[in-house]
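Heads up: the structure comes next, in C-alpha cells.
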Amino acid sequence: NEDYHISSSDISALDAGTDLSADANLAFATDIDGDTRSTWDIGADEYVASVSSAAGSFSAYKQSIPPPVISNVTVDVEGDKAIVKWKTDKPAISEVYWSDKFYWLNRVEIERSFKTNHSVVLKVNIEKDTKYYFKVRSTDNYNTGFDYKLYSFVIPEKIESEDLSELDLETLPEQKEIDNSEARVSSIDDLKVSHSLDSNLALDLKWSDSNEVSLVESYSIFKNGSFLLKTNSPSFTDSNILPSSYYSYYVVVNGNNNTKSNSSNVVGIMSTDKITGNGIVGVRETEISGIESIKTLLQKQIDSLFFLIERLKILLEG
Numbered sequence: 006n007e008d009y010h011i012s013s014s015d016i017s018a019l020d021a022g023t024d025l026s027a028d029a030n031l032a033f034a035t036d037i038d039g040d041t042r043s044t045w046d047i048g049a050d051e052y053v054a055s056v057s058s059a060a061g062s063f064s065a066y067k068q069s070i071p072p073p074v075i076s077n078v079t080v081d082v083e084g085d086k087a088i089v090k091w092k093t094d095k096p097a098i099s100e101v102y103w104s105d106k107f108y109w110l111n112r113v114e115i116e117r118s119f120k121t122n123h124s125v126v127l128k129v130n131i132e133k134d135t136k137y138y139f140k141v142r143s144t145d146n147y148n149t150g151f152d153y154k155l156y157s158f159v160i161p162e163k164i165e166s167e168d169l170s171e172l173d174l175e176t177l178p179e180q181k182e183i184d185n186s187e188a189r190v191s192s193i194d195d196l197k198v199s200h201s202l203d204s205n206l207a208l209d210l211k212w213s214d215s216n217e218v219s220l221v222e223s224y225s226i227f228k229n230g231s232f233l234l235k236t237n238s239p240s241f242t243d244s245n246i247l248p249s250s251y252y253s254y255y256v257v258v259n260g261n262n263n264t265k266s267n268s269s270n271v272v273g274i275m276s277t278d279k280i281t282g283n284g285i286v287g288v289r290e291t292e293i294s295g296i297e298s299i300k301t302l303l304q305k306q307i308d309s310l311f312f313l314i315e316r317l318k319i320l321l322e323g
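The following block contains the structure:
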C-alpha cells in the first residue's frame, strides 16, 4: 500500500478522477486499465502516479515531503532532573542527544509517541554546577527534522523556588565548528626515569608540564603498558621493582575538562641485578647473551604491544 492518486485524464481507469482522502483507501478489484489483474489498494498523498504507454502497467514517483520543523527549544528544571521541550509543525517522535562533553553527545532519550509539543526528561541524575550540552531532533513517518544548534544549561548548586521555571539556554556554534584541540591538554615530552639513590630497589620518574596549572587535574602513569596510578605531582618513585627486570613507562596528562593528552615519550630501563645497603650499584647491561637475551627481547616486545594498545584506547576515548 504505497498510496496512489488516479489521474482524471486516464480514461481507462476505473472511477477516473475520484478524490481519495489521506485516511481512507479505495480498492479496485479488476480492470484498472482494462486488463484483468489482482486486487489493487490505492490511497492518497504519498505518491503521484501516471499510466505508462505500455498496457497493463503504471509508474509512480515520490512527492517531496518536508521534515518536521523544530522551534521553541527550552529546558525546565525539576529537582535534580532536566526536561527539554520544543515544538514541531507536524506530529513526530522526540529525541534528545546529550552529555557533559560538547564534542561527544553519547546519551540519548527518545519518546516514541507522535506529538507536536515535545517534552523529554533527561533521566540520569544530573550533577549540580556542571554544564550539560544537547541537541534535539524529531522524526515523522517520512523524514527527520534536525535542529542543528548545540545548546547548553547548568543546574545551579542552590536551586531557589523561582529558579524551577525555565532556564535560559545558551546557544553554542554548530558542533562541527567547535575545535576540540583547544580543550585538550598538551602531552609530556621530557619524561626521565633513573635509578633511585634513596632506596635499595626503586626507580625515579620525573617530568615537566607546559600546561597551565589550572588546566591539569592529575597525571596517569603507565608501567609496562598498563595503568599504574594517578598522581598530582610531576614526579613519582616506583618501589615495586625486581632485580634484573626491564620496565617501560609513559605519562598521560588528565585535564580538568574531562580530556586527556596524548601519551608522553616512552622510557625503558633495566633494573640492576645487585643490591647493597647503600642502594643500587651500577646499571645492568641491556645487551644480554643466551636464553636471558631472548627472554628480555620477548618482554620488550610484549611491553611495546601493551603500549600500542593503551595508546589506541587513549585515542578512542579522546
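Take the sequence shown: its letters are residues 6 to 323, numbered as in our numbering. Glycine is no exception: its CB is placed at the ideal position from the N, C-alpha and C atoms. Predicted, not measured: the structure shown is a model, and the values here were computed from it.
Nearest neighbour of residue i, chosen from the options [CA to CA]
{"i": "I274", "options": "W212, S199, N148", "result": "S199"}
{"i": "S240", "options": "D209, S192, V113", "result": "D209"}
{"i": "Y255", "options": "W91, K211, V221", "result": "K211"}
{"i": "W103", "options": "L220, K140, Y153, L321", "result": "K140"}
{"i": "N146", "options": "K120, Y138, V257", "result": "K120"}
{"i": "Y108", "options": "I307, S269, V78, N263", "result": "N263"}
{"i": "K86", "options": "G260, D134, S266", "result": "D134"}
{"i": "L110", "options": "N77, Y138, L220, N267", "result": "Y138"}
{"i": "K95", "options": "N77, V78, N122", "result": "N122"}
{"i": "N259", "options": "K90, W91, N77, R189", "result": "R189"}
{"i": "Y251", "options": "S213, L220, I307", "result": "I307"}
{"i": "S213", "options": "V257, G230, N229, S231", "result": "V257"}
Sequence-distant residues of its chain with Cβ nearer than 7 Å to residue i (five each side left out)
{"i": "L233", "result": "I226, F227"}
{"i": "S215", "result": "S191"}
Separation of residue j from residue i, as counted between CA atoms
{"i": "T291", "j": "V218", "result": "For T291, the pLDDT reaches just 38, beneath the cut-off of 50, and the residue's location in the model is therefore unreliable, although a value from the coordinates is still provided. When rounded, the distance between both Cα atoms is 37 Å."}
{"i": "E100", "j": "L317", "result": "31 Å"}
{"i": "E116", "j": "I98", "result": "6 Å"}
{"i": "I75", "j": "D194", "result": "48 Å"}
{"i": "L202", "j": "D243", "result": "12 Å"}
{"i": "E114", "j": "L196", "result": "44 Å"}
{"i": "Y224", "j": "V271", "result": "15 Å"}
{"i": "N237", "j": "E222", "result": "7 Å"}
{"i": "S253", "j": "S269", "result": "12 Å"}
{"i": "F151", "j": "S118", "result": "17 Å"}
{"i": "K90", "j": "N245", "result": "55 Å"}
Residue burial classification, residue i (beta-carbon count within 10 angstroms, cutoff 16)
{"i": "T149", "result": "exposed"}
{"i": "P71", "result": "exposed"}
{"i": "S249", "result": "exposed"}
{"i": "K265", "result": "buried"}
{"i": "L310", "result": "exposed"}
{"i": "S143", "result": "buried"}
{"i": "T153", "result": "With the sequence shown as reference, residue 153 is identified as Tyr, and Thr is not the correct amino acid for it. Its Cβ having fewer than 16 others within 10 Å, Y153 is exposed."}
{"i": "P178", "result": "With a pLDDT of only 43 at P178, under the threshold of 50, the placement of this residue in the model should not be trusted, and no figure is reported."}
{"i": "L155", "result": "buried"}
Spatial neighbours of residue i in its chain, beta-carbon cut-off 8 Å, leaving aside the 5 residues before and after
{"i": "L247", "result": "L206, S276"}
{"i": "K136", "result": "D105, S157, F158, V159"}
{"i": "K88", "result": "What sits at residue 88 in the sequence shown is Ile, not Lys. The residues are V80, D81, V82, S124, V125, V126, L127."}
{"i": "N261", "result": "S219, L220, V221, E222"}
Bridge partners - residue i, DSSP secondary structure assignment
{"i": "T93", "result": "I75"}
{"i": "K211", "result": "K197, S240"}
Cut-off 6 Å between Cβ atoms - residues of its own chain near residue i, not counting five sequence neighbours on either side
{"i": "R112", "result": "W103, S104"}
{"i": "D168", "result": "Note on D168: pLDDT 39, under 50, position unreliable in the model; no value is reported."}
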